[in-house]
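S.K.: Take the position in the sequence shown, starting the count at 1, then add 670; the result is the number in the working numbering.
Have a look at the structure that comes next, please.
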Amino acid sequence: MFKKLTQFFHRRLFLLMLIGFVIGIVFMLSGNKVMVATSTNEFCESCHVHPHATESWKLSTHYDNKSGVRVNCVECHLPPKGHGYIKEKARLGIKDIYGFWFKDTADFNWDAKSTLEQAQHFVYKESCIKCHANLFPITLSKEGQDAHLYYTQNENDLHCINCHLQVGHFDPNAKHESNTGFGKESAVNATVYSEPATVSKFESFTETIPNSTVSFRMVAIPAGEFTLGSDEKTARDDEKPAKKVRISRFFMAETEVSWDEFLAFYGQTGAEGRTTDTNGSKSVVEVDAITGPTPPYGQPDQNWGLGKRPAITMRYKAAETYCEWLSKVTGKKYRLPTEAEWEYACRANTSGPYFFEGNPQKYSRSGLWNKITGVDTTRINTYVIYAENGEGKTQNPDRVKANPFGLKNMLGNVAEFCSDWYAPDAYKNITDGTVDPKGPASGEERVIRGGSFKSEPEDVRCSARDFTRSVDWMKTDPQMPKSIWWYSDCNMIGFRVVCEADETLQ
């Protein structure tokens, strides 16, 4: 009896195992069919409604190349099998389905979604290396060898698309080369100034750059006292302790240095902008041996536009040299502002988080309550270009109103270099009542102020501080040695000039 019972249970167990095995096989076969069906280019195109995704792919070297090999969507946008393929397919599938059914594609900022910052979340290094296993083929140029050697030494910090962003989706406006033609466009039917502005009184004036068509507004900033930094509970540690200081009068540019202004400097002093005389000597337009930037690698303006937009992607050295050149051609003393001068001019005799009414916490969309109830950003949008209204790029200065001193974009659009070295405890070394305080005598990084089109409301407060990242912002530059003039990985930094006021001015 016991033996028969045992045999019965064994048979039932075998039958259940057989049924389970069959179900598993069916599930695997059907699951595999589902995986294959949802991995075709046609299926991807049915959900991904980016207006240029398919067209730009067909123009790329991943679609049409000498080898005849065609790279499909999932070969870049999913990792290879064995590297988390199913997990990533499920994650991205859920995200795509949600976006397809619950989001309006008309609201998407496609340009922003095509940037390196976004693309690195949807392109897998393992997929690149699976096909491009040999990083040093015999056909690779010397520049390519240097770039790939640098990559192998820093592969934990770099992605293949740092340099090859346009390989999968071709962008005819993108440049991945030394841009020797940058800045050579000339103004048409514009007045060429022969003399700089004459300043006889301490009042705002319009500066004119000799031998150029460029002018810009300088605002007279009166002397005064203010509180540098903040002791508010929400202030960050490097904004403390707040100190009462006095600032002497000076002039400050109404807006950040524009591309028009910077290219006047670049054209007259840049390594590719100079001409030579008949004796082969250096250019007659080079001012007192001031040598400007070499040609940039790529497109410094990110194809967002030149003109009145703030000049971006130049390193501190370029900004400092620009001030030196501007001083020479105008006969005045131009320089970068100190951190104290910058905050004083930004506050413009106000004392709140901003120079206008507003609470950073009420403007933020990151909090759950604000997401539920909504946020009224009308006021901050009037004065600041930041993440909410920046559209993922720089904007022309006339998009915002000026602060009480008459300065525009002090709290956004692009962050701005200050002359001070950065130190988290810099204010501890300042005494109340100090006149025109300066930062530490030395350091590794410079202070930047003001936030940018990428910043959240809490990062564009008057007292908010930040600093340069000299190493991180140069990772993508494939040149050896790297440029001392241009950032490769920072598109939200610019600068604003100040001009020292002659003591004799009334």
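Built from N, CA and C at the ideal position, the CB exists for glycine as well.
Rounding to the nearest angstrom, what Cα-Cα distance links R872 and E926 in this structure?
M.R.: Reading the sequence shown from its first residue, position 202 is the one you call residue 872. Reading the sequence shown from its first residue, position 256 is the one you call residue 926. Before going further, note that residue 872 is Phe rather than Arg in the sequence given. Roughly 21 Å separates the two Cα atoms.
S.K.: Which same chain residues, not among the five before or five after F1165, have their C-beta less than 7 Å away from its C-beta?
M.R.: On the sequence shown, position 495 is the one that residue 1165 refers to. Hits under 7 Å: E926, V927, A989, L1006, E1086 and F1087.
S.K.: Which ranges does the beta strand (DSSP E) cover as unbroken runs of at least 3 residues, wholly within the region 1050 to 1130, from first to last along the chain?
M.R.: Those beta strand (DSSP E) runs which fall completely within the region 1050 to 1130 and span 3+ residues are 1085 to 1091 and 1116 to 1119.
S.K.: State the start and end residues of the unbroken alpha helix (DSSP H) segment that holds L786.
M.R.: The count along the sequence shown starts at 1 and reaches residue 786 at position 116. Where L786 is concerned, the enclosing alpha helix (DSSP H) stretches over L786 to A789.
S.K.: Considering just the uninterrupted stretch of the beta strand (DSSP E) at L898, what are its terminal residues?
M.R.: As a position in the sequence shown, residue 898 is number 228, starting the count at 1. Residues G894 to L898.
S.K.: Among residues of its own chain, excluding the 5 on either side of P1074, which ones have a beta-carbon nearer than 6 Å to its beta-carbon?
M.R.: One-based indexing of the sequence shown puts residue 1074 at position 404. Hits under 6 Å: A1018.
S.K.: Let me check one thing: in DSSP terms, what residues is A923 bridge-paired to?
M.R.: For the purposes of this step, residue 923 is taken as the residue at position 253 of the sequence shown. The partner list for A923 (beta bridge, DSSP) reads M888.
S.K.: Tell me which same chain residues have a C-beta within less than 6 Å of the C-beta of Y1004, skipping the five on either side of it?
M.R.: Taking the sequence shown and counting its residues from 1, the one referred to as residue 1004 is at position 334. If we look at Y1004 and ignore the five residues flanking it on each side, its Cβ neighbours are C993, L996, S997, V1167 and C1169.
S.K.: How long is the line joining the alpha carbons of F1137 and E1114, rounded to whole angstroms?
M.R.: Residue 1137 sits at position 467 when you count from the first residue of the sequence shown. Residue 1114 sits at position 444 when you count from the first residue of the sequence shown. For F1137 and E1114, the distance between alpha carbons rounds to 10 Å.
S.K.: Which residue from H829, V1045 and E1011 puts its Cα closest to that of C788?
M.R.: Translated into positions along the sequence shown, residue 788 becomes position 118. Here residue 788 turns out to be Gln, not Cys, going by the sequence shown. The shortest Cα separation from Q788 among H829, V1045 and E1011 belongs to H829.
S.K.: If contacts are defined as beta-carbon pairs under 8 Å, then V1084 and I982 qualify, I think. What distance do you get, rounded to the angstrom?
M.R.: Taking the first residue of the sequence shown as position 1, residue 1084 is located at position 414. Taking the first residue of the sequence shown as position 1, residue 982 is located at position 312. That pair is a contact at about 6 Å.
S.K.: Restricting to Cα atoms, I'd like to know which of L786, E877 and S882 is closest to G838.
M.R.: In the sequence shown, counting from the first residue as 1, residue 838 sits at position 168. Cα-wise, what sits closest to G838 is L786.
S.K.: Just to confirm before moving on: does the CB-CB distance between G1121 and L1077 stay below 8 Å?
M.R.: Taking the sequence shown and counting its residues from 1, one reaches residue 1121 at position 451. Taking the sequence shown and counting its residues from 1, one reaches residue 1077 at position 407. Going by C-beta atoms, G1121 is not nearer than 8 Å to L1077.
S.K.: Excluding five sequence neighbours on each side, which residues of the same chain lie with their C-beta closer than 6 Å to the C-beta of C1180?
M.R.: Since the first residue of the chain shown is 671 and the last is 1176, residue 1180 is not available in this structure.
S.K.: Which of the three DSSP states, helix, strand or coil, is assigned to P1030?
M.R.: Stepping through the sequence shown from its first residue, residue 1030 is reached at position 360. If DSSP states are grouped into helix, strand and coil, P1030 belongs with the helices.
S.K.: Could you give the residue range of the beta strand (DSSP E) that holds T878?
M.R.: Residue mapping note: residue 878 aligns to position 208 of the sequence shown, counting from 1. First-last of the beta strand (DSSP E) with T878: F875 to T878.
S.K.: May I have the straight-line CA-CA distance separating E1173 from P1148, to the nearest angstrom?
M.R.: In the sequence shown, the residue the question calls residue 1173 occupies position 503. In the sequence shown, the residue the question calls residue 1148 occupies position 478. Their Cα atoms are separated by approximately 48 Å.
S.K.: Going by DSSP, what residue range makes up the beta strand (DSSP E) through R916?
M.R.: Here the question's residue 916 lines up with position 246 in the sequence shown. Run containing R916: K913 to I917, per the beta strand (DSSP E) assignment.
S.K.: When you compare only the Cα positions, how much space is there between H834 and A803?
M.R.: Here residue 834 refers to the residue found at position 164 of the sequence shown. Here residue 803 refers to the residue found at position 133 of the sequence shown. Straight-line Cα distance between these residues: approximately 15 Å.
S.K.: Quick one: using the 10 Å Cβ neighbour count with 16 as the cut-off for buried, is L819 buried or exposed?
M.R.: Within the sequence shown, numbered from 1, the residue matching residue 819 stands at position 149. Exposed, because fewer than 16 other Cβ atoms sit within 10 Å of the Cβ of L819.
S.K.: Mind reading off the beta-carbon distance from E909 to S900? Whole number of angstroms is fine, and I expect it under 8 Å.
M.R.: One-based indexing of the sequence shown puts residue 909 at position 239. One-based indexing of the sequence shown puts residue 900 at position 230. So it is a contact: roughly 5 Å between Cβ atoms.
S.K.: Do you know how far the Cα of F852 is from the Cα of E1011?
M.R.: Start at 1 with the first residue of the sequence shown, and residue 1011 comes out as number 341. Start at 1 with the first residue of the sequence shown, and residue 852 comes out as number 182. Roughly 33 Å separates the two Cα atoms.
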